[in-house]
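2 protein chains.
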Amino acid sequence: MREKFRELVKRKNRIHANLELIQWDLETKTPLKSRPYLSELVGELSMQDYALSTSDEFVNLVEELNKQKETLTEIEKREIELSMEEIEKKKKIPADEYEDYAKLTSYNQTVWEEAKAKKDFSIVKEGLKKIFDYNKKFATYRRKDEKTLYDVLLNDYEKGMDTERLDVFFSELKKEIVPFLKKIQEKKKTIKEVDKISVPIDEDVQLKFAKFLSSYVGFDFEKGLVETSEHPFTLNLNKNDVRLTTKNKKDSPMSTVFSIIHESGHGIYEQQTGDELIDTLLGTGGSMGLHESQSRFMENIVGANKAFWKPLYNKAGEFYPFLKDIEFEEFYKQINRIEPGLIRVEADELTYSLHIMLRYEIEKMLINGEINIDDLPKIWNEKVKEYLGLEPKNDSEGLMQDIHWYCGLIGYFPSYAIGNAYASQIYNAMKKDFDVEKALENQDLKKITDWLGEKIHKYGLLKDTPTIIKEVTGEELNPKYYIEYLKEKYSKIYEI
Amino acid sequence: MREKFRELVKRKNRIHANLELIQWDLETKTPLKSRPYLSELVGELSMQDYALSTSDEFVNLVEELNKQKETLTEIEKREIELSMEEIEKKKKIPADEYEDYAKLTSYNQTVWEEAKAKKDFSIVKEGLKKIFDYNKKFATYRRKDEKTLYDVLLNDYEKGMDTERLDVFFSELKKEIVPFLKKIQEKKKTIKEVDKISVPIDEDVQLKFAKFLSSYVGFDFEKGLVETSEHPFTLNLNKNDVRLTTKNKKDSPMSTVFSIIHESGHGIYEQQTGDELIDTLLGTGGSMGLHESQSRFMENIVGANKAFWKPLYNKAGEFYPFLKDIEFEEFYKQINRIEPGLIRVEADELTYSLHIMLRYEIEKMLINGEINIDDLPKIWNEKVKEYLGLEPKNDSEGLMQDIHWYCGLIGYFPSYAIGNAYASQIYNAMKKDFDVEKALENQDLKKITDWLGEKIHKYGLLKDTPTIIKEVTGEELNPKYYIEYLKEKYSKIYEI
Chain Y
1 MREKFRELVK
11 RKNRIHANLE
21 LIQWDLETKT
31 PLKSRPYLSE
41 LVGELSMQDY
51 ALSTSDEFVN
61 LVEELNKQKE
71 TLTEIEKREI
81 ELSMEEIEKK
91 KKIPADEYED
101 YAKLTSYNQT
111 VWEEAKAKKD
121 FSIVKEGLKK
131 IFDYNKKFAT
141 YRRKDEKTLY
151 DVLLNDYEKG
161 MDTERLDVFF
171 SELKKEIVPF
181 LKKIQEKKKT
191 IKEVDKISVP
201 IDEDVQLKFA
211 KFLSSYVGFD
221 FEKGLVETSE
231 HPFTLNLNKN
241 DVRLTTKNKK
251 DSPMSTVFSI
261 IHESGHGIYE
271 QQTGDELIDT
281 LLGTGGSMGL
291 HESQSRFMEN
301 IVGANKAFWK
311 PLYNKAGEFY
321 PFLKDIEFEE
331 FYKQINRIEP
341 GLIRVEADEL
351 TYSLHIMLRY
361 EIEKMLINGE
371 INIDDLPKIW
381 NEKVKEYLGL
391 EPKNDSEGLM
401 QDIHWYCGLI
411 GYFPSYAIGN
421 AYASQIYNAM
431 KKDFDVEKAL
441 ENQDLKKITD
451 WLGEKIHKYG
461 LLKDTPTIIK
471 EVTGEELNPK
481 YYIEYLKEKY
491 SKIYEI
Chain E
1 MREKFRELVK
11 RKNRIHANLE
21 LIQWDLETKT
31 PLKSRPYLSE
41 LVGELSMQDY
51 ALSTSDEFVN
61 LVEELNKQKE
71 TLTEIEKREI
81 ELSMEEIEKK
91 KKIPADEYED
101 YAKLTSYNQT
111 VWEEAKAKKD
121 FSIVKEGLKK
131 IFDYNKKFAT
141 YRRKDEKTLY
151 DVLLNDYEKG
161 MDTERLDVFF
171 SELKKEIVPF
181 LKKIQEKKKT
191 IKEVDKISVP
201 IDEDVQLKFA
211 KFLSSYVGFD
221 FEKGLVETSE
231 HPFTLNLNKN
241 DVRLTTKNKK
251 DSPMSTVFSI
261 IHESGHGIYE
271 QQTGDELIDT
281 LLGTGGSMGL
291 HESQSRFMEN
301 IVGANKAFWK
311 PLYNKAGEFY
321 PFLKDIEFEE
331 FYKQINRIEP
341 GLIRVEADEL
351 TYSLHIMLRY
361 EIEKMLINGE
371 INIDDLPKIW
381 NEKVKEYLGL
391 EPKNDSEGLM
401 QDIHWYCGLI
411 GYFPSYAIGN
421 AYASQIYNAM
431 KKDFDVEKAL
441 ENQDLKKITD
451 WLGEKIHKYG
461 LLKDTPTIIK
471 EVTGEELNPK
481 YYIEYLKEKY
491 SKIYEI
């Protein structure tokens with residue numbers, strides 16, 4: 001019976017790898033007229049995966065093995081536990097609706113690309129409405145004792161998380177961060193800040209620098225690769241095949257830098273999952289919040305660290321010659337400049353949470369039926385005005401800036417904020433073990449990735465996120481480390 | 001019954017598209033440590049295709065429909081005819097051997113790459129031996145009334161072709177071409193020829209020029225793309241997704257030019273197969289010889305034509321600045337210089353046949369058991385010495401230069417010679433309809449590709465090659481047009 005289970009798991013993993021490969025192609029290079037066909041193929045493979053996971057054979061096997069847990073290895077026990085949850089979830093969604101939805105989310109990504117390029121929300125509005133409708137419907141099917149429909153979705157990305165706890169979490173951040181931000185803005189009026197770096201750099205050169213940086217922070221090119229796409233992402237066939245993208249905009253060469261360090265954080269996590277988890281259901285990174293903690297750790301705590309850039313600054317000038325004309329101290333201040341902006345992925349560390357809060361509030365209302373898609377542009381722009389004091393010129397720099405909703409990731413955004421908080425909490429724990437800044441200055445990034453690999457990455461899905469966070473940091477999610485980290489760092493930079 | 005057949009065909013096409021996509025990835029970018037897994041996936045999908053094609057359901061359906069041909073459309077009739085042949089063939093090969101072989105040929109390509117890079121035939125020798133052994137074995141299973149085992153394989157790529165006819169074909173070429181080549185070599189002694197173009201050009205720039213040229217000759221980037229790989233090839237998921245590669249060697253920028261025009265010829269053929277053949281078994285190009293006629297037509301008759309380059313020469317100088325220092329007439333002579341060399345894909349039009357003859361003779365002997373793999377390096381080098389008067393410095397510029405044998409393409413090489421002959425025969429017919437050189441000078445490549453599309457491409461596999469050639473040119477394969485074309489062109493260039 002265990003052998004049969006292993007065989008089906010292997011089969012599931014192959015379908016997954018195949019799916020990811022086609023997705024990769026669709027996102028990075030599929031010719032225009034080939035997209036509908038490959039999207040159909042994605043639908044068919046998702047259907048195969050779905051059929052396998054809900055087949056009598058697989059379900060019976062899991063339920064039988066679940067009854068004899070004591071005979072199983074630790075890995076198998078966890079596989080069965082997660083499979084029981086998946087079975088639960090999938091059984092409640094009718095097969096044809098699931099297939100339709102898979103095709104829809106896959107195809108709609110290319111529609112979103114077009115709509116964004118043309119700055120025309122109407123092109124993708126209908127698709128987005130369908131995606132939200134499906135999510136509401138699925139949440140209705142699956143709802144047990146969750147207080148709201150939105151709570152059902154939240155749980156998919158961060159198990160155990162609910163609206164109640166999140167409301168508290170965000171209000172805590174708000175309470176501390178907003179006045180601190182105000183202080184900085186007051187101080188900014190009295191100092192002369194350098195202009196934002198925006199010297200144009202060829203896309204080819206940006207890609208080369210991206211590959212260099214990715215390798216520098218520890219991404220292994222024998223087990224992965226880097227290309228370009230409309231929106232940066234990380235995808236993995238398995239731990240030996242992890243793929244990152246970057247979007248190289250000629251006029252903002254620094255975006256590429258932080259975006260690729262971010263994705264590398266995701267990628268290294270996947271590459272460092274344990275070898276013993278290959279061909280199991282556990283050989284991939286944990287919850288979204290934990291995954292984001294790894295990417296944000298790399299992007300901000302490592303990649304925006306003075307000690308990271310110090311030994312690297314001359315080298316960086318070889319790729320981006322304009323850096324040779326900027327003093328290092330000035331560069332450091334510049335990459336950590338606080339400035340409310342419209343684009344989430346370009347936001348500084350302080351205003352970032354406001355971007356997330358806004359999305360959290362809107363998707364919560366949409367799913368819970370308090371507003372609908374037609375209201376979206378208006379509400380988005382009102383909240384941007386309220387939180388950031390800004391007005392989007394068009395929907396491409398407003399509600400169409402992120403791919404998430406358009407490919408079905410609803411309830412995902414809060415993970416970014418949770419990830420930031422986890423990252424600081426993990427950083428606090430790491431510092432007790434060794435001098436992180438010294439490792440960065442010594443260009444010994446391996447010390448950091450080894451530590452993360454040993455404490456977090458190697459477990460894959462074997463342990464759940466709350467357990468890992470507890471073991472690594474000694475306590476549960478606590479926003480105080482995030483708040484302290486931000487205050488300490490930016491008090492220094494802005495001398496307040 | 002017909003509906004069921006359509007459904008299975010659609011399924012077959014999807015498996016094919018999926019397979020091609022993974023092959024594309026393996027050839028162009030799969031990370032080193034991911035290759036074995038993706039090769040396994042290829043094996044599994046080939047197995048699915050095999051299982052479907054040999055399933056009782058499919059076989060019975062085909063056999064039943066074969067009995068009621070009069071009720072079928074023209075397309076269905078031809079599908080059933082080809083399916084009957086495929087069933088015949090596959091039924092004779094045991095499933096497990098077929099699966100092993102598919103994995104072997106897929107994986108062995110990467111071994112070949114390594115062996116070629118390290119100039120060490122011993123790395124890939126064992127793999128090559130297995131591939132030849134499998135081909136011998138399969139030919140033995142499948143042999144009916146063919147005179148030799150090799151004839152069985154020949155038939156796979158060029159139906160109706162046999163050793164007897166090929167021996168005559170090659171001896172005809174030999175009889176005419178060898179003395180003509182001698183004349184040219186005598187003349188060469190009395191003239192001063194310019195040095196071969198070998199100014200280094202960045203690989204990135206070469207790729208940009210390759211994309212430009214591909215588009216210029218009519219390859220449609222909404223239905224295809226161009227990337228790089230170890231060995232140039234064309235692959236198609238379907239007519240809306242055709243993918244070409246080029247190998248850009250910094251030191252020989254002109255190789256890229258002719259290689260991409262060659263592959264574009266293949267690609268345009270696929271893109272122009274009829275829309276009514278989508279989702280049938282006929283939506284792809286015909287026999288290998290006919291396919292090669294299209295690529296060689298583009299590469300030589302179009303791409304090495306004075307009228308092709310005349311209006312393009314200034315533009316070419318923008319990509320390859322060294323061209324600005326070369327007079328156009330000199331350039332034209334240079335790209336059509338006759339000079340025996342070691343590498344087939346870089347061979348001039350005259351000595352090209354000698355490269356094919358050599359491969360034809362060797363693979364014929366290997367399959368018929370007259371020599372074995374251990375003898376290969378010695379025999380290869382002896383024949384190269386005999387036919388071309390040259391000695392390879394190592395096996396990478398000898399028997400490892402072409403991917404074909406290493407991925408199982410045995411009996412394929414003769415198609416190149418047949419393709420050349422067809423190309424000249426087709427060119428002769430085209431000239432009766434319009435002034436081809438004038439179209440080239442007017443940059444009206446569409447006139448040429450439309451003609452090819454209408455007369456050849458649109459039929460896909462609906463008609464067989466002998467029928468198409470007969471309809472287009474009024475007669476069967478006849479090497480005289482090839483010989484006339486070569487003599488006329490090179491008599492002018494060398495003024496003999």
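Keeping their order, the protein sequence lines are chains Y and E. The opening residue of the first sequence carries number 1 in this note's numbering; numbering runs sequentially from there. The opening residue of the second sequence carries number 1 in this note's numbering; numbering runs sequentially from there. We treat Cβ as the ideally placed atom computed from N, Cα and C, and that holds for glycine.
First through last residue of the alpha helix (DSSP H) which encompasses residue i
i	result
Leu61 (chain E)	Asp56 to Lys67
Arg142 (chain E)	Ser122 to Arg142
Val199 (chain E)	Premise fails: Val199 (chain E) is in no alpha helix (DSSP H) and is neither H nor E.
Tyr412 (chain E)	Segment: none, Tyr412 (chain E) is in no alpha helix (DSSP H) and carries neither H nor E.
Lys310 (chain E)	Counting along the chain, Lys310 (chain E) falls outside any alpha helix (DSSP H), and DSSP gives it neither H nor E.
Asp435 (chain Y)	Unbroken run through Asp435 (chain Y): none, as it is neither H nor E.
Gly453 (chain Y)	Leu445 to Lys455
Trp112 (chain E)	Ala95 to Ala117
Neighbour flag for residue i against chain Y, beta carbons, 8 Å
i	result
Phe221 (chain E)	yes
Ser34 (chain E)	yes
Gly267 (chain E)	no
Pro31 (chain E)	yes
Asp100 (chain E)	no
Residue i, enclosing beta strand (DSSP E) - first and last residue
i	result
Gly498 (chain E)	Lying outside 1 to 496, the shown extent of chain E, residue 498 (chain E) is not represented and no answer is given.
Asn300 (chain Y)	Note, Asn300 (chain Y): premise wrong, no beta strand (DSSP E); not H, not E.
Closest residue to residue i among the options (Cα-Cα distance)
i	options	result
His262 (chain E)	E:Val242, E:Leu477, E:Lys480 and E:Asn300	E:Asn300
Pro479 (chain Y)	Y:Lys315, Y:Ser293 and Y:Glu222	Y:Ser293
Pro466 (chain E)	E:Asn66, E:Asn60, E:Tyr412 and E:His291	E:His291
Leu462 (chain E)	E:Leu166, E:Asp156 and E:Thr284	E:Thr284
Ser264 (chain Y)	Y:Val302, Y:Leu277 and Y:Pro253	Y:Val302
Glu86 (chain E)	E:Glu346, E:Val62, E:Ile268 and E:Asp464	E:Val62
Glu330 (chain Y)	Y:Ile493, Y:Thr228, Y:Ile177 and Y:Lys90	Y:Ile493
Met357 (chain E)	E:Leu388, E:Met400 and E:Leu477	E:Leu388
Asn516 (chain E)	E:Leu19, E:Lys306 and E:Ile496	No information on residue 516 (chain E) is available, as it lies outside the stretch 1 to 496 that chain E covers here.
Glu176 (chain Y)	Y:Ile201, Y:Ser353 and Y:Tyr98	Y:Ser353
Asp100 (chain E)	E:Phe413, E:Pro253 and E:Leu45	E:Leu45
Asn108 (chain Y)	Y:Glu79, Y:Ser424, Y:Met400 and Y:Ala347	Y:Met400
Gly43 (chain E)	E:Leu32, E:His16, E:Phe58 and E:Glu76	E:His16
Residue i: CB within 7 Å of a non-hydrogen atom of the ligand NAD
i	result
Asn478 (chain E)	Absent from the structure shown: the ligand NAD. Ligands present: none.
**Report entry** Under 7 Å (Cβ pairs) to chain Y, residues found in the stretch 13 to 27 of chain E
**Finding:** Arg14, Ala17, Asn18, Leu21, Ile22 and Asp25
Requested in this report: Kindly provide the ranges of any alpha helix (DSSP H) runs that are 4 or more residues long and lie completely inside the stretch 20 to 61 of chain E, ordered along the chain.
Outcome: 35 to 54
Query raised in the report: Along the stretch 36 to 55 of chain E, what residues have a CB closer than 7 Å to any CB found in chain Y?
Result: Tyr37, Leu41 and Glu44
Query raised in the report: Fully enclosed by the stretch 319 to 380 of chain E, which alpha helix (DSSP H) runs are 4 residues long or longer?
Result: 328 to 335 and 349 to 367
Requested in this report: Using a Cβ-Cβ cut-off of less than 7 Å, list which residues of the stretch 231 to 242 of chain Y approach chain E; keep chain order.
Outcome: Leu237, Asn238, Asn240 and Asp241
Query raised in the report: At what residue ranges does the stretch 209 to 291 of chain Y contain a whole run of the beta strand (DSSP E), taking only runs of 3 or more?
Result: Unbroken beta strand (DSSP E) runs of no fewer than 3 residues, entirely contained in the stretch 209 to 291 of chain Y, are found at 224 to 228, 234 to 238 and 241 to 246, following chain order.
**Report entry** Residues within the stretch 199 to 230 of chain E neighbouring chain Y, beta-carbon criterion of under 9 Å
**Finding:** Asp204, Asp220, Phe221, Glu222, Lys223, Gly224, Leu225 and Glu227
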